[in-house]
Structure formats: structure tokens, C-alpha cells
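Residue numbers (the working numbering): 25 to 273. One structure is given below, encoded as C-alpha cells.
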Amino acid sequence: MSVLVPTMGALHKGHQALIKRARSMSKQVVVSIFINPLQFENAQDIAQYPRTAERDIQLATLAGATEIWMPEYEEIYPDPITKIRASSIADLYEGASRPGHFDGVVTVVNRLFEIVKPEAAIFGEKDFQQLQIIRSMKSAVEIVGVPTVREFDGLAISSRNIRLSQSGRVSANVIYRAMVAARLAPTIAIAQEIIDTTISTDFGFKCDYAAIINEDDFCLATDTTKQKRAIIAGWIDGVRLIDNMRMGA
Ligand code: PAF
């Protein structure tokens, strides 16, 4: 069976964890590297996206990739492009801040699945909303989520972290600290209060959203029998950071 690890390149330890997971499932691991223009809001973001092909090949190979596929635009999007609309979760949180983003993600993921025809595909829990939206595509491909890889202080590994200033990098772990502090709170309201208080103490962090939601529908958590997750996004030094953590024991 073949397992696909879709990426946009700029690989790091987080991607390597996805590739290792794929390799634990199969001897045939395809890593795709394609910077998908459909999921960016503007041309400047695409232009600024890091392109590190040689290093990507090294890191992917070391982690166990057996095939690294870097398709051209025309291969993914033959004319005309058939765009796919993401599920309703896509309008919330990350989707509200980045309109059209998740439609671009599901459109490219659908094309990657059509071309590679993998039995399974691996995605990081770091982009938890993306992971749930891809799960809701209900494709025949098994979708496997892999826990977030973190720096020594808990900051989720991301290719954006290198854009943080020295002081920004120090305060960036406020997101992780807030979620850890809230994780075992006795009620959802107290957990939310802990998160809000913790992030408000860091003046460098400009919060976009900090919420506790049901993992299945991304509605604000009220039902204690459902799996809950804290999701946080915001900016430090103008760099957008997002993270999440399951709440409860
Ligand atoms: O998570 C990403 O890197 C991208 O959104 C993905 C899934 C590779 C689609 O372009």
C-alpha cells in the first residue's frame, strides 16, 4: 500500500514525524511538495513562502520517504480547475480569518489523492481544523493525524518560527503555556478563563481567537461528554502562529 504525506515544502521535524509515521505503515511513502496557490490569500504570501528543495529532499529521505514528488502547477491544475468547497467548519476560526483558504486546501488534497491514489494520507494535528476538514471530505483514503512536534519550551514547530525576533521567540510559548495551564481545569468556563488570562499577560501576542471547541463540529464546547480542544491563533512580530491541544485528562 502507498501512503502519501502532502506538504508545501520548507520541511522540518514536524514533517519528518509525519513521514516517519507513514513509513511505519508502509514501505511506499510518497512525499508531495507543492506550494498550492489556491490556499493563499495574496500573491505576496506565495512569493514569500520559503523554497528549500534541496534540504527538503534530504530531510524527507532521512525520515523514510521513498518517493519525493514535486509536481508542476499544470499537473495539479489542468485547465479548467475544478474547485471543491470545504465543509461548513471551514467558515469558522482559521477559515474566518483566511477566507477561501480551506477551499484551496481541499481542492489540492483532492487532486493529490486523484493522482497518487494512496491508501492512506498523513496530516499534522498542528493544523487541527485542516485535519478535521480533510476528514470530512469522506474520501476513500484513510486520513491519519499525527501529534504536534514541539520545541523544547512547547512552541509548536513551524517554518514561521524563524521569522520571530529574539524577544518574540521568548514570548511565543505563551500559547502552549495557556493551553497546558487550562488542560485539567474542572469546567470549560474556567479553562477558557485561564487561557484568556494567560495570553493577556503577554503584550507581544496579538490574539486572533482563543476558544474551546468540540473536536467534531468546532462549535463552542458546552457538552461535557464531547471531546474538547483549545484552539488559539494570533500574531507575534506580525508572524501568525496557531496551535491547539485536547482538553481534559
Ligand atoms: O498543511 C499543508 O502543508 C498544506 O495545507 C497541504 C495539506 C499540504 C495542502 O497544500
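The C-beta atom is built at its ideal place from N, Cα and C for all residues, glycine as well.
For G33, does the count of other Cβ atoms within 10 angstroms reach 16, so buried, or fall short, so exposed?
-> Buried: at least 16 other Cβ atoms inside 10 Å.
Reduced DSSP category for K230 - H, G, I as helix; E, B as strand; rest coil = Secondary structure of K230 (DSSP, three-state): strand.
Compare the beta carbon distance of A314 and A215 with 8 Å and say whether it is the shorter of the two.
-> For residue 314 there is no data in the structure shown, the boundaries of the chain being 25 and 273.
Ignoring anything shorter than 3 residues or poking outside the stretch 115–175, list the beta strand (DSSP E) runs there in chain order.
-> 144–148, 166–170
Leaving aside the five residues before and after A245 along the sequence, list all residues of the same chain whose C-beta is less than 6 Å from its C-beta, in chain order.
-> I212, I236, I237, N238, K252
Exposed or buried, R274, counting other C-beta atoms within 10 Å across all chains shown (16 or more means buried)?
-> The chain is shown from 25 up to 273; residue 274 falls before or after that span and cannot be answered.
Evaluate contact between the stretch 86–101 and the stretch 112–127, counting only Cβ atoms and requiring at least three cross-stretch pairs below 8 Å.
-> no
Would you tell me roughly how many angstroms separate the C-alpha atoms of D317 and S195, rounded to the nearest one?
-> The structure shown does not extend to residue 317, since the chain is modelled only from 25 to 273, so the question has no answer here.
C-alpha gap between P104 and V132, whole angstroms = 14 Å
With 16 other CB atoms within 10 Å as the buried threshold, where does A273 fall?
-> exposed
Contact check, T221 vs R201, beta carbons under 8 Å = no
Three-way DSSP call (helix, strand, coil) for Q216 in this model = helix
Mind checking whether A89 and V140 have CB atoms under 8 Å apart?
-> Result no, Cβ atoms of A89 and V140 do not sit closer than 8 Å.
Inter-residue Cα distance where the pair is K230 and W259 | 5 Å
So what's P30 in DSSP terms, helix, strand or just coil?
-> Correct three-state label for P30: strand.
For G272, does the three-state DSSP call read helix, strand or coil?
-> coil
Can you tell me the Cβ-Cβ gap for L35 and A84, rounded? I've got them flagged as a contact below 8 Å.
-> 6 Å
Cα-Cα separation between F176 and I199, rounded to whole angstroms = 14 Å
If you measure from the CB of D69, is any heavy atom of ligand 1 nearer than 7 Å?
-> no
Check whether the Cβ atoms of A209 and D267 sit closer than 8 Å, and answer yes or no.
-> no
Nearest-angstrom Cα distance between I108 and I59?
-> 18 Å
Buried or exposed: K150, going by 16 or more other Cβ atoms within 10 Å of its Cβ?
-> Counting the other Cβ atoms within 10 Å of the Cβ of K150 gives 16 or more, which makes it buried.
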